[in-house]
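Chains H and B supply the protein sequences, listed in that same order.
Quick note: the first sequence, position 559, residue 559 per our numbering, numbers continuous.
Every number in our numbering is 1000 more than the matching position in the second sequence, counting from 1.
Glycine included, C-beta positions come from ideal geometry on N, C-alpha and C.
Notes for the one structure printed next.
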Amino acid sequence: MDPSFIVIQALNGLASASSLFITACGLTLVFGVTRIVNFAHGSLYMIGAYTAATLVPWLLQFYFGPVTFWAGILASAFVVGLIGVLIEVLLLRRIYGAPELFQLLATFGVVLVIQDAVVQVFGPQDILGPRAPGLRAPVEILGRRFPSYELVLIAAGPLVLGLVWLLLRKTRFGVLVRAATQDREMVASLGVNQAVLFTGTLFLGAFLAGLGGALQIPRVAANTGMDLSVIAESFVVTVVGGMGSVPGAFLAALIIGQLQAFGILVFPKGTLVVVFLLMAVVLAIRPNGFFGRPEIVGGTHAVGIASRTPQPWHKVAALVVLVLLACLPLVADPYLLKVATEILIFALFAFSLQLLIGVGGIVSFGHAAFFGLGAYGAALGVKLLSAPMEAALPLAIVLAAFGAALIGAFVVRLSGIYLAMMTLAAAQIIYAVAFQWVDVTGGDNGIVGVWPSDWAGGQTRYYLLALGLTALAILLVRIVIDAPFGYALRAARDSEARAEAIGLNVRRLRWRAFILSGATAGLAGGIYAFSRGSVDPSLLGIPTSVDALTMLLLGGIQTITGPLVGAGVLHALRDQVMPLTSHWRLILGLSIIAMVLIFPRGLVGTVAAWREARA
Amino acid sequence: MAKISTICWLAFGAALALGTPSVHAQPAGNAPIKIGELNSYARQAAFTVPYRNGWQLALDEINAKGGVLGRKIEIVSREDGATTGDATRVAEELVTREGAVLLFGSFLSNVGVAMADFANQKKIVYIAAEPLTDAITMAQGNRYTFRIRPNNTMQVGMLVDQAKASGAKRWAIVAPNYEYGQSAAEVFKRLIKERVPGAEVVAEQYPALGKIEAGATVSALEQAKPDGIFNVLFGPDLTQFVREGNTRGLFEDKTVLSLLTGEPEWLLPLKDEVPEGWIVTGYPWDEITDPKHKAFVDAYRAKFKDTPRLGSLLGYMVLYMIRDTIERAGSTDTDALIKALTDAKFDTVIGPVSMRGIDHQATMGAWVGKLALKGATGGMTDWKYFDGTSFMPTEAEVKAVRKD
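What follows is the structure in structure tokens.
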């Protein structure tokens, strides 16, 4: 291959790496100090780009020159830093003590709110920013033209790295940030003003996100898809580099930049999956990324179902609810039954996640993988094997269980946030396969014509079938939760060291829990495929995983019925609100935030706590 | 004691979810005719909002003249969430709760395909206005599904004719990595080999939608030394690609064919960085002099204080076609509507458009021309309207893939 081409391609990779690093650096700093995985970091990046694309042209009207341009970029980053402070004071400050998952969910709520707010403030159309004055012309490198702005970007990455390094090493603020990254409690015990430290860190993190976004305006039009496209890659960079490690993030960004620049020459269609493959491979070899330290296990992870005495009237009550639900077709119209069927399916899906998170303490961000595998298992059974529904549903369970066994084997070696990210990577890889393997999976159009057998056709009969299967599956999983297996799993969740000391094989326990949970989610996916007649890759996507988490946390992670109630409330909310307004993301986001602030134990958990307090 | 409350909550959740009233009488007499509409107004606002303006304008005009069959038209419009699951649920609600007599809308191809299947299952007419994938009228087509906009094959076919005229032989393809991009690239590869003797495809790039690594992509294309480039990118990816390509001189002395780039939706965000000389399909709304079209543009500008996009035209045309269909059918019965739509001829603001019976694809065409800078933004010059008829898949091709 032409050497000048290789040089140019490497420079292209460096320019992307620099941009990515600046953004991811903020994410990793914020995580290091606050231990919050800030989903909204990508949204801050987007605000940075929008602000700069609006502000810089306005400034350039007064004086056209490089000084104005760069001042505008820094001002935009500063504005975003202030928004970061706002988010910290109004929201994050109130949830530092909450379980990690709640924090993640709250920041996801912020993502939804900002998505809508950006359209309201800046309009739906993309905004093309100005080119940098003085840097419009290309430079000649080895006989090829290369944009001079990209050279500036290449320099900006190491510059930011250097400045952050100086800040962390040479200032008191930096010392505190590093100390807090190592041991937050100790820093607090020494009398450091936590509020100022955390607010400062959020400002710095948001400033870097805004800077990353603002620096993009000469290359990219500010658009509403920027947040999600950058957040996934930033996560990968932070995780691969080791959470909280700035040099790690730099190294990871460099590798990803080069991988993408040269990867497209070999696999032009591999663009979807390459970063997640990298993350999976790195985590399989180094469970804490390049420079990450093992997390202290226990503490905030150990929230979940507690032991309780079974009481006879529980069964009676469950039976009454079941009978009431079975009577629903007597009063409901077909549409209501369709919604009710979907609620049952999502309840089962969220319940299967409860087994992992609530019982096993295994936080999965990629649970959609198993739901989707189940749906695809059923659809492929119908399409390729011409199987009837009765044969396709078991196929759904088998495929999902098989996928869970495979993914689980890698996942159970990890812990904490790395474990969660590995599940996310696995789900994204399966998503990419479904998306790309057009001949078998139909690509993003998916597979249609997956309708139930005649005896189960029609809204009423399918509802009753879904109810029967869901109730049966939930009953079986409940038995497992209360069996010795469930107790062993809870022991491992609460104290891994003690569980191992009494002779439990923690990894094998978790692996089995993974398979059981995957199979249950697969059943839900299979029922879902037949309820709507089609499957497509969005079932495997991040939003589906987030849905399951939201339902679980909404209902309450510490109770058995929590995920069931959560699924009902969330789906009903979406059904009522979404069709009527194009602001449903705003409403959903605000509801999630309100829920996290007001009902941190979830709906069921909160009610239970009230009753206990009264008793 | 915790348990009682949890079960109360469970029951409450169920009640909240299921307890909404469900009494809706079917429209009768002079009650308005209800038409269901669903689209991705939140996610795809740049295209769908002008589209909604288009059908609203048509709706106001139609109802001001007394509606159709002596009844007014009422459009029940819903957000489809841009996912297949949400779209089919919303569609179910439109049909069973609202009593919509037909459905139209949706933007993404996969949602369109799922909606087509839904229409087939529920036996209701669905008019896919926007999705471009061939599948809706080919492999996944069915008796109940109709499409207005020229599909991928038709639009690519128009551009391939231009490729032939340009004389370029070494072609590079750049397309977003999802169904629309992949299938447009496939069609291009097939047609260019059929119609341009000696043509070869020397490079292909498929950046992920919304995540293009523009510098690397441009270098990779440049390295193959093509003399023609076929582009399917749009939106933010296109902007980035154009900027990098301009700076690096990728487009110099090359024929560039670009799908949809002449549509104001995608052209306006490029501002003054329009890649001049690209041959594109699009919509030169400001240069079409036909009086009927001019009247539409004037009315649109007066009502919305904005210039029309292609989506606006489409929304406007679709609703008028629906009105004509209902009028000719004489009722809102599904079978009558299908009969009135099949092989129907419509007189639209852009001229005659008919609905081919064999695959339910309309003959609406597209404008093909060159991009040029006009003042502060881009526009099209040397354009010509190509009727869709001669670019449609042949009847034999349709019969080979359609199941019905």
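Asked                                                                                                                                             : Found
Element boundaries [alpha helix (DSSP H), containing residue 1110 of chain B]                                                                     : 1109-1122
CB of residue 1140 of chain B within 7 Å of CB of residue 533 of chain H, strictly                                                                : no
Bridge-paired residues (DSSP) for residue 151 of chain H                                                                                          : According to DSSP, residue 151 of chain H bridges with nothing at all.
Below-7 Å beta-carbon distance, residue 1363 of chain B vs any chain H residue                                                                    : no
Distance, residue 1134 of chain B Cα to residue 1285 of chain B Cα                                                                                : 26 Å
Below-7 Å beta-carbon distance, residue 1027 of chain B vs any chain H residue                                                                    : Here the model assigns residue 1027 of chain B a pLDDT of 45, short of 50, so the residue's position is not dependable, and the following value carries that caveat. It does not; no Cβ of chain H falls within 7 Å.
Near-chain H residues of the stretch 1154-1188 of chain B - C-beta to any C-beta below 8 Å                                                        : 1177, 1178, 1179 and 1182
Beta bridge counterpart(s) of residue 68 of chain H as assigned by DSSP                                                                           : According to DSSP, which records beta bridges pairwise, residue 68 of chain H is partnered with nothing at all.
Coarse secondary structure for residue 143 of chain H, derived from DSSP in three states                                                          : coil
Outcome for residue 319 of chain H when other beta-carbon atoms lying within 10 angstroms are tallied against a minimum of 16                     : exposed
Under 7 Å from the C-beta of residue 119 of chain H: neighbouring residues of chain B                                                             : 1045
Cβ neighbour criterion (16 or more within 10 Å) applied to residue 1393 of chain B                                                                : buried
C-beta contact flag for residue 1202 of chain B and residue 1229 of chain B at 7 Å                                                                : no
Distance between beta carbons of residue 210 of chain H and residue 80 of chain H, contact taken as under 8 Å                                     : 3 Å
CB contact flag (residue 206 of chain H, residue 21 of chain H, <7 Å)                                                                             : no
Environment of residue 141 of chain H [buried if 16+ CB atoms lie within 10 Å]                                                                    : exposed
Straight-line gap, residue 473 of chain H to residue 520 of chain H (C-alpha atoms, nearest Å)                                                    : 7 Å
Proximal residues, the stretch 179-195 of chain H versus chain B, C-beta separation under 7 Å                                                     : none
For residue 135 of chain H, three-class secondary structure by DSSP                                                                               : coil
For residue 1235 of chain B, the nearest candidate out of B/1261, B/1084, B/1096 and B/1150 (CA to CA)                                            : B/1261
Any C-beta of chain H under 7 Å from that of residue 1152 of chain B                                                                              : no
Closer than 8 Å at the beta carbon, the chain B residues around residue 126 of chain H                                                            : 1046, 1235, 1236, 1239 and 1269
is_contact[residue 1307 of chain B, chain H] using C-beta, thresh 7 Å                                                                             : no
Chain D contacts from the stretch 1194-1219 of chain B (Cβ-Cβ distance under 9 Å)                                                                 : Looking at the structure shown, chain D is missing, and the protein chains on hand are H and B.
Residue-chain proximity (residue 1081 of chain B, chain H), Cβ-Cβ < 7 Å                                                                           : yes
Within 7 Å, strictly: CB atoms of residue 1378 of chain B and residue 1259 of chain B                                                             : no
Buried versus exposed, by CB contacts within 10 Å (16 or more), residue 1051 of chain B                                                           : buried
Beta-carbon separation (whole angstroms), residue 235 of chain H vs residue 421 of chain H, contact threshold 8 Å                                 : 7 Å
Burial state of residue 63 of chain H, where buried means 16 or more other Cβ atoms lie within 10 Å                                               : exposed
Neighbourhood of residue 509 of chain H by C-beta distance below 7 Å, restricted to the same chain and skipping five residues each side           : 488, 489 and 492
Sub-7 Å separation of residue 471 of chain H and residue 465 of chain H beta-carbons                                                              : no
Contacts around residue 481 of chain H, its chain only, beta-carbon distance under 6 Å, and the 5 residues preceding and following it disregarded : 359
Contacts that residue 269 of chain H makes with chain B (C-beta to C-beta distance below 7 Å)                                                     : 1177 and 1206
Within chain H, the residues that residue 1110 of chain B reaches when beta carbons sit closer than 7 Å                                           : 444, 445, 446 and 536
Contact set for residue 154 of chain H: own chain, Cβ-Cβ below 6 Å, skip 5 residues either direction                                              : 14, 15 and 18
Selection of the stretch 260-286 of chain H by Cβ proximity to chain B, strictly under 7 Å                                                        : 260, 261, 264, 265, 268, 269, 271 and 272
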